[in-house]
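In the numbering used here, the protein residues as written are 1 to 312.
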């Protein structure tokens, strides 16, 4: 519903940087959060009327890296991923509990273990809109790569409960409170899981068929039919076509256009129900500096749209 009273009434936003690459093999994604901030994101949000706080977490994350971190149940760097995400989850929980909008800058998408745990700990009736080329719902048994950035939703939904390093992650996300937008690179296990659990998923086929406006409406109708529940948006920039956001670790052709990506953020912000947003997988070490600057600019503009920037 357009024009509703925003759930976040404080006009305070907490930018949580998570300079972390442990959930996948490519270096550089840990540089994404600081590059977004250094490009002026905090000042841009202040111009929109927000009081901005920023926690970079760089020193904390470096201190949490274990001296030894062997594979466990096929997952790579599980101790490092677990330690960082558990620490950041507490931080996000505290900022959300203070009534602040939480804007988390990744880092790879394993960080969603922290963001969803922290946000849903404060807003247990929230819904999650996951904008991504990938479903990220592999289990330790199913993942072929062992990279945890492809697995966070399986832990958050209780599909993976036996891993010794992630016992702290609670199954707080129900299938009817999750919706995907932008999927286009799925493996057989993920397709089967999405169908068997009845998770609503809008692939790029649906975007092509219905248009992004209708897709966002249908997504909200499914997870938030009465437009009354808090919304957490987790946006992986690889949901965008590589021509729009080239500097990301797992680009897939045929993604969202610049305007489609921004429309999602604008429309969800317009509901007044958005309480938290993640901008994930910006990797400044990939591509040339022109492509990096383009991707950083897009990441900042998506964040601004989440916090109320409109075209008019």
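Cβ coordinates follow ideal geometry from the N, Cα and C atoms, glycine included.
Could you round the C-beta distance between residue i and residue j to whole angstroms and report it? I think they count as a contact, below 8 Å.
| i | j | result |
| --- | --- | --- |
| residue 52 | residue 45 | 5 Å |
| residue 247 | residue 286 | 5 Å |
| residue 132 | residue 210 | Actually they do not touch by this definition, with Cβ atoms about 19 Å apart. |
Restricting to Cα atoms, I'd like to know which of the options is closest to residue i.
| i | options | result |
| --- | --- | --- |
| residue 13 | 260, 270, 227, 48 | 48 |
| residue 213 | 102, 259, 73, 152 | 259 |
| residue 6 | 227, 278, 24 | 227 |
| residue 242 | 253, 233, 249, 232 | 253 |
| residue 278 | 135, 23, 111, 165 | 111 |
| residue 255 | 176, 76, 182, 35 | 182 |
| residue 136 | 120, 108, 126, 125 | 108 |
| residue 72 | 291, 193, 200, 162 | 162 |
| residue 20 | 59, 50, 43, 128 | 59 |
| residue 178 | 289, 126, 207, 284 | 126 |
| residue 176 | 150, 222, 205, 207 | 222 |
| residue 203 | 134, 244, 193 | 134 |
Express the C-alpha separation of residue j and residue i in angstroms, rounding to a whole number.
| i | j | result |
| --- | --- | --- |
| residue 230 | residue 167 | 26 Å |
| residue 39 | residue 196 | 43 Å |
| residue 1 | residue 10 | Confidence in residue 1 is poor, its pLDDT being 40 and thus under 50, which makes the residue's placement unreliable; the coordinate value appears in the next sentence. Approximately 20 Å between the Cα atoms of the pair. |
| residue 91 | residue 122 | 12 Å |
| residue 294 | residue 262 | 14 Å |
| residue 304 | residue 238 | 18 Å |
| residue 273 | residue 235 | 16 Å |
| residue 17 | residue 298 | 17 Å |
| residue 219 | residue 269 | 14 Å |
| residue 100 | residue 118 | 13 Å |
| residue 55 | residue 34 | 10 Å |
| residue 187 | residue 271 | 33 Å |
| residue 130 | residue 233 | 6 Å |
Once you ignore the five residues that flank residue i on each side, which residues in its own chain have a CB closer than 7 Å to its CB?
| i | result |
| --- | --- |
| residue 313 | This structure cannot speak to residue 313, because the chain is shown only from 1 to 312. |
Ignore the nearest five residues each way along the sequence and tell me which others in residue i's own chain have a CB closer than 6 Å to its CB.
| i | result |
| --- | --- |
| residue 74 | 140, 146 |
| residue 3 | Only weak support exists for where residue 3 lies, its pLDDT of 44 falling under 50; the value from the coordinates is given anyway. Around residue 3: no qualifying Cβ. |
| residue 89 | 114, 117, 118 |
Using a Cβ-Cβ cutoff of less than 8 Å, which residues in the same chain neighbour residue i once the five nearest sequence positions on both sides are dropped?
| i | result |
| --- | --- |
| residue 64 | 80, 83, 84, 87 |
| residue 143 | 74, 75, 150, 151 |
Return the chain-ordered ranges of every beta strand (DSSP E) run that is complete within the segment 81 to 129 and spans a minimum of 3 residues.
You should have 101 to 106.
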